[in-house]
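S.K.: This structure is in structure tokens; I'll ask about it shortly.
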Amino acid sequence: MGALLAAPFCAASAACCFGSAACSLCCSACPGAKNSTTTRIMYALMLISATFIAVMMLLPGVQQKLVDNKWLCVYAGVNCQHAIGYQAVYRVCAGAASFFSIMMILMLGVSSSKDGRSSIQNGFWFFKYILMFGIIAGYFFIGSESLATPLMYIGMLGAFLFILIQLILIVDFAHGLAESWVSQYEDNDSRACYAGLLVTTFGGFLLCLIAAGYVFFNYAIGDGCGLPKFFVIVNVLVCVAISILSVSPMVQEVMPRSGLLQAVVISGYIIYLTWSALLSNPNESCNPTVANITQSTITTGTNNKNDDTFVTPMPVHSLISLLIWLVCLVYASIRNSSNTSLGKITGDTEEHVQLNNVEGGKAWDNEEEGVAYSYSFFHFMFCLASLYVMMTLTSWYHPDSDLAHLNSNMASVWVKIVSSWICAGLYSWTLVAPLVFPDREF
């Protein structure tokens, strides 16, 4: 554990200690950047580093090494079954979420870079890395055998909220991509953009159809699978409905660039949420993933058979979830327009910067008149993102009383299914809102 935390921590410390020199050498060759953008990217890197440690905790070799060294199991006085594998993921992600919660509270009410707390937001990276990894390490010294259960319920709520934020980011991305390609095709008669629209749209719908069929025949066929079957059929019909709505004449009249490209992106996300939900179904006759999960044991070096520790598996399907999470995280870190849906929610402001005041290769302060994004909400979003990673890497499973086995969780099924319905509802609202409120700008 110590070595795992030390590797990224030492790298971060070295980068931060020599930050000024490194920046002065490198930035001359880099394009100029807004201070608000570089700060968000740095926080994204912090969260990614914590996620990397959490992923490492699921590797069987790492779990065996932690037990062999007995650093946690003996010196910290923690039961090995509560400090490796999924239990380690709970602690790492809870530590990251706690760090961003502290930053969220600290940054409440910051309105411009003239506020003294702005320097904490945009600097002191060395000390912030120390704080975050210190909190993570502290969670491993909590000897409570039931820590994972409350963390799971907190993580489930936070992950549900992050799914909604992730949805808004995906809707923004879909609208932005479609408008960009349509604009280039209309203005420049770009055949590449036209081909991209066609291939992405119809290829996406084909993939959605194949994915829906895969989910139906693998997770909705069997004894007592009426509810999973209902979920799949309803969500496929929902995808058809939002696709029809996106190209309906009444929507096209007020949103001429609304089309099937946005609908296929949202449909793909809804099918993904449906599949992810059914992966957590505890009914083994409907969910073959539960029956196929195998756990091996690692020896603790004693002759007592009861001292063997279970190695939790690395959930392969979670890689897709993490990939979507990573794309949304990067998008949230680099976007800077108040015209996006999330920009309206977070209070992002439109940025007007004189180019002649920008030196090449420098990061400049673009928040003297007002912050470009809500500092507090940004950390709240990253706190939720940490909890989403927690639930993703643990497959949304419920640990039982002895934490040696993992049970699927029907509550997580409903969380994801309801999220998919909210996803369709929010996207539909972006289409019909201009009709309901014609005098407002959307």
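Residues -22 to -1, 1 to 420 (mature numbering (1 follows the signal peptide of the UniProt record, and there is no 0)) make up the sequence shown, in order. We put the beta carbon where it would ideally sit given N, CA and C, even for glycine.
1) Secondary structure at T29, three-state DSSP: helix, strand or coil?
2) For V243, I'd like the list of residues in its chain whose CB is within less than 6 Å of its CB, leaving aside the five on either flank, ordered along the chain.
3) Can you check the stretch 71 to 103 for any alpha helix (DSSP H) of at least 4 residues that lies completely inside it and give the ranges in chain order?
4) Locate the alpha helix (DSSP H) running through L256, then write down its first and last residues.
5) Taking Cβ to Cβ, would you say T372 is nearer than 8 Å to V70?
6) Note down the Cα distance separating V367 from A198, rounded to an integer number of angstroms.
7) Return yes when the Cβ of V232 is within less than 8 Å of the Cβ of P412, no when it is not.
8) Under the rule that 16 or more other beta-carbon atoms within 10 Å means buried, what is S274, buried or exposed?
9) What is the residue span of the alpha helix (DSSP H) that D165 lies within?
10) Run the CB neighbour count on Y192, radius 10 Å, all protein chains shown included, and call it buried at 16 or more, exposed below.
11) Please report the distance separating the alpha-carbon of V229 from that of I298.
12) Under the rule that 16 or more other beta-carbon atoms within 10 Å means buried, what is G63, buried or exposed?
13) Closest by CA to Y353, which one among N100, A74, A72, L25?
14) Please go through the same chain and pick out, in chain order, the residues whose beta-carbon is closer than 6 Å to the beta-carbon of T272, but skip the five residues on each side of it.
15) Is the stretch 175 to 189 touching the stretch 357 to 365, taking contact as three or more C-beta pairs under 8 Å?
16) Counting beta carbon pairs with one atom in the stretch 208 to 224 and one in the stretch 171 to 179, are three or more of them shorter than 8 Å?
17) Rank L129, A156, A389, L301 by C-alpha distance to the C-alpha of R235 and give the top, closest one.
18) Please report the distance separating the alpha-carbon of Y131 from that of S168.
19) For L256, is the classification buried or exposed, using 16 other Cβ atoms within 10 angstroms of its Cβ as the cut-off for buried?
20) For I113, which residues from the same chain have a beta carbon less than 7 Å from its beta carbon, with the 5 sequence-adjacent residues on both sides left out?
21) Considering only the beta carbon of each residue, do A115 and Q65 sit closer than 8 Å?
22) Using DSSP with H/G/I as helix, E/B as strand and the rest coil, what is D417?
23) Could you check what DSSP says for I220 in three-state terms: helix, strand or coil?
24) Find the nearest neighbour of A389 within the set R418, S245, F138, judged by alpha-carbon distance.
25) Below 8 Å between beta carbons: does that hold for F360 and L25?
26) Do you know how far the Cα of I120 is from the Cα of L239?
27) Under 8 Å, do V349 and S89 count as touching if we go by C-beta distance?
28) Can you tell me the Cβ-Cβ gap for L251 and S397, rounded? I've got them flagged as a contact below 8 Å.
29) Let me check understanding here. Comparing Cα to Cα, which of V210, Q144, F105, S254 lies closest to V308?
30) Kindly give me the distance between the Cβ atoms of A190 and V214, rounded to whole angstroms, as I take these residues to be in contact under 8 Å.
31) Provide the residue span of the alpha helix (DSSP H) that contains A198, from first to last.
32) Taking buried to mean at least 16 other C-beta atoms within 10 Å of its own C-beta, is A170 buried or exposed?
33) Do F358 and M82 have their CB atoms nearer than 8 Å?
34) Mind checking K92: buried by the 16 CB within 10 Å criterion, or exposed?
35) Identify the continuous alpha helix (DSSP H) that holds Y366 and give its terminal residues.
36) Can you tell which of A28, I80, S96 has the C-alpha that lies nearest to the C-alpha of N13?
M.R.: From the atom records:
1) Working through the sequence shown from its first residue, we reach residue 29 at position 51. Residue state, collapsed to three classes: helix.
2) Working through the sequence shown from its first residue, we reach residue 243 at position 265. Same-chain partners within the cutoff: A152.
3) 95 to 100
4) As a first step, residue 256 is located in the sequence shown; it is residue number 278 there, counting from the start. Here the alpha helix (DSSP H) through L256 covers 238 to 256.
5) Locating residue 372 in the sequence shown gives position 394, where the first residue counts as 1. Locating residue 70 in the sequence shown gives position 92, where the first residue counts as 1. No, the pair does not count as a contact, with Cβ atoms beyond the cut-off.
6) Taking the first residue of the sequence shown as 1, we reach residue 367 at position 389. Taking the first residue of the sequence shown as 1, we reach residue 198 at position 220. The alpha-carbon atoms of V367 and A198 are separated by roughly 27 Å.
7) Residue numbering aside, residue 412 sits at position 434 when the sequence shown is read from its first letter. Residue numbering aside, residue 232 sits at position 254 when the sequence shown is read from its first letter. The answer is yes: Cβ separation under 8 Å.
8) Here residue 274 corresponds to residue number 296 of the sequence shown, with the count starting at 1. For S274, the predicted structure reports a pLDDT of 48, less than 50, and the residue's modelled location is therefore unreliable. A value from the coordinates is still provided. So S274 ends up on the exposed side.
9) As a first step, residue 165 must be located in the sequence shown, where it is residue number 187. Segment 126 to 166, the alpha helix (DSSP H) holding D165.
10) The count along the sequence shown starts at 1 and reaches residue 192 at position 214. Burial call: exposed.
11) Along the sequence shown, one-based indexing puts residue 229 at 251. Along the sequence shown, one-based indexing puts residue 298 at 320. Each residue's alpha carbon lies about 33 Å from the other.
12) Along the sequence shown, read from residue 1 onward, the residue named residue 63 stands at position 85. Around the Cβ of G63, a 10 Å sphere holds 16 or more other Cβ atoms; the residue is buried.
13) Residue numbering aside, residue 353 sits at position 375 when the sequence shown is read from its first letter. When each option's Cα is compared against that of Y353, the closest is N100.
14) One-based indexing of the sequence shown puts residue 272 at position 294. Residue placement at T272 is poorly supported in this model, since its pLDDT is 47, which falls under 50; the coordinates still yield a value, given next. If we look at T272 and ignore the five residues flanking it on each side, it has no Cβ neighbours.
15) Between the stretch 175 to 189 and the stretch 357 to 365, the count of C-beta pairs closer than 8 Å stays below three; the two stretches do not touch.
16) no
17) Locating residue 235 in the sequence shown gives position 257, where the first residue counts as 1. Looking only at L129, A156, A389, L301, the smallest Cα-Cα distance to R235 is reached by A156.
18) Sequence index remark: in the sequence shown, residue 131 carries index 153 (1-based). Sequence index remark: in the sequence shown, residue 168 carries index 190 (1-based). Distance between the alpha carbons of Y131 and S168 is about 50 Å.
19) Numbered from its first residue, the sequence shown carries residue 256 at position 278. Its Cβ being crowded by 16 or more others within 10 Å, L256 is buried.
20) In the sequence shown, residue 113 corresponds to position 135, counting from 1. Within the same chain, I113 has close Cβ partners G73, S76, F77.
21) Mapped onto the sequence shown, residue 115 falls at position 137. Mapped onto the sequence shown, residue 65 falls at position 87. No. Outside cutoff.
22) Walking along the sequence shown from the start, residue 417 turns up at place 439. Reduced to three states, the DSSP call for D417 is coil.
23) The residue labelled residue 220 in the question sits at position 242 within the sequence shown. DSSP places I220 in helix when its eight states are reduced to three.
24) The residue given as residue 389 occupies position 411 in the sequence shown. A389 has its Cα closest to that of F138, out of R418, S245, F138.
25) Taking the first residue of the sequence shown as position 1, residue 360 is located at position 382. Taking the first residue of the sequence shown as position 1, residue 25 is located at position 47. Their beta carbons are under 8 Å apart, which means F360 touches L25 by this criterion.
26) Locating residue 239 in the sequence shown gives position 261, where the first residue counts as 1. Locating residue 120 in the sequence shown gives position 142, where the first residue counts as 1. Put simply, the backbone Cα of L239 is about 48 Å away from that of I120.
27) Working through the sequence shown from its first residue, we reach residue 349 at position 371. Working through the sequence shown from its first residue, we reach residue 89 at position 111. Their beta carbons are under 8 Å apart, which means V349 touches S89 by this criterion.
28) Residue mapping note: residue 251 aligns to position 273 of the sequence shown, counting from 1. Residue mapping note: residue 397 aligns to position 419 of the sequence shown, counting from 1. Right, the Cβ-Cβ distance comes to about 6 Å (below 8 Å), so this counts as a contact.
29) As a first step, residue 308 is located in the sequence shown; it is residue number 330 there, counting from the start. Minimum Cα distance to V308 is reached at Q144.
30) Stepping through the sequence shown from its first residue, residue 190 is reached at position 212. Stepping through the sequence shown from its first residue, residue 214 is reached at position 236. That pair is a contact at about 5 Å.
31) For the purposes of this step, residue 198 is identified with residue 220 of the sequence shown, where counting begins at 1. From DSSP, A198 is part of no alpha helix (DSSP H); its letter is neither H nor E.
32) For the purposes of this step, residue 170 is taken as the residue at position 192 of the sequence shown. The residue in question, A170, is exposed, as its Cβ has fewer than 16 Cβ neighbours within 10 Å.
33) Your numbering for residue 358 matches position 380 in the sequence shown. Your numbering for residue 82 matches position 104 in the sequence shown. Yes.
34) The residue you call residue 92 lines up with position 114 of the sequence shown. With fewer than 16 Cβ atoms within 10 Å of its Cβ, K92 is classed as exposed.
35) Taking the first residue of the sequence shown as 1, we reach residue 366 at position 388. That run of the alpha helix (DSSP H) goes 353 to 371.
36) Residue mapping note: residue 13 aligns to position 35 of the sequence shown, counting from 1. For the residues A28, I80, S96, the minimum Cα distance to N13 belongs to S96.
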